[in-house]
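A.B. asks:
Residue numbers (the working numbering): 11 to 181.
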């Protein structure tokens with residue numbers, strides 16, 4: 011059996027012969043989201059392509075279309091997502107304006123003066139226990155940390171934003 015023809019596409023099928031059952035196809039796991047590609051022939055005889063994200067339901071054997079993408083212009087990328095908004099790289103995140111180092115048991119944090127606001131500094135053990143916590147009101151911060159050997163998490167909470175870092179103490 012051919013899975014593709016000029017005007018059809020078989021996603022999956024089951025073949026039964028006597029006591030033998032064979033499953034064939036791309037979509038054998040029901041309740042799973044998959045992508046199906048399609049092509050449409052336009053009035054000029056050229057093909058346009060697109061995709062459909064859909065989900066199969068094994069209970070009632072239905073196919074639900076979640077979303078799709080399609081482009082009418084030949085040889086053009088298919089745009090997806092919202093076309094009404096964009097992200098400006100210059101406004102991504104303040105984390106790039108924060109510099110953190112941990113060396114010889116000394117934690118140093120430097121913040122860009124243009125973005126500085128007081129913040130809550132927390133140091134966590136991997137089990138979630140807080141080892142150290144302090145409100146920081148200076149742009150430049152330096153503190154000797156007497157941490158146990160191992161991996162620790164640093165959380166900087168500044169307003170409604172949280173920044174996380176990992177440090178390793180080998181001493």
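Heads up, the beta-carbon is just placed ideally off N, CA and C, and yes, glycines get one too. Every value quoted in this text rests on a predicted model; they were computed, and no experiment measured them.
1) Under 8 Å, do residue 131 and residue 166 count as touching if we go by C-beta distance?
2) Here's the rule I'm using: 16 or more other beta-carbon atoms within 10 Å means buried, otherwise exposed. How should residue 140 be labelled?
3) Given this structure, state the Cα-to-Cα distance separating residue 77 from residue 47, to the nearest angstrom.
4) Please report how far the alpha carbon of residue 119 lies from the alpha carbon of residue 161, in whole angstroms.
5) Residue 176 and residue 163 - do their beta-carbons sit closer together than 8 Å?
6) Please tell me whether residue 79 and residue 55 are closer than 8 Å, where the distance is taken between their beta carbons.
7) For the beta strand (DSSP E) containing residue 126, name the first residue and the last one.
8) From 178, 134, 136 and 128, pick the residue whose C-alpha is nearest to that of residue 168; which is it?
9) Classify residue 117 as buried or exposed, calling it buried when 16 or more other Cβ atoms lie within 10 Å of its own Cβ.
10) Checking 8 Å against the spacing of the C-beta atoms, do residue 180 and residue 159 come in under that value?
11) Please report the straight-line C-alpha distance between residue 124 and residue 155, rounded to a whole angstrom.
12) So, are the CB atoms of residue 64 and residue 73 less than 8 Å apart?
13) Measuring CB to CB, does residue 143 end up less than 8 Å from residue 121?
14) Kindly indicate which three-state DSSP category residue 137 falls into: helix, strand or coil?
C.D. replies: From the atom records:
1) Result yes, Cβ atoms of residue 131 and residue 166 sit closer than 8 Å.
2) The residue is exposed, with fewer than 16 neighbouring Cβ atoms inside 10 Å.
3) Using only the alpha carbons, I get a separation of about 12 Å.
4) Answer to the nearest angstrom: the Cα atoms are 18 Å apart.
5) Between residue 163 and residue 176, the gap from beta carbon to beta carbon is short of 8 Å.
6) Not closer than 8 Å, so no.
7) Where residue 126 is concerned, there is no enclosing beta strand (DSSP E), given that its DSSP letter is neither H nor E.
8) Nearest option by C-alpha distance: 128.
9) When all chains shown are included, residue 117 counts as buried.
10) Yes, the Cβ-Cβ distance between residue 180 and residue 159 is below 8 Å.
11) Their Cα atoms are separated by approximately 27 Å.
12) Residue 64 places its beta carbon less than 8 Å from that of residue 73.
13) Judged by their CB atoms, residue 143 and residue 121 are not nearer to each other than the 8 Å cut-off.
14) Secondary structure at residue 137: coil, using DSSP grouped into helix, strand and coil.
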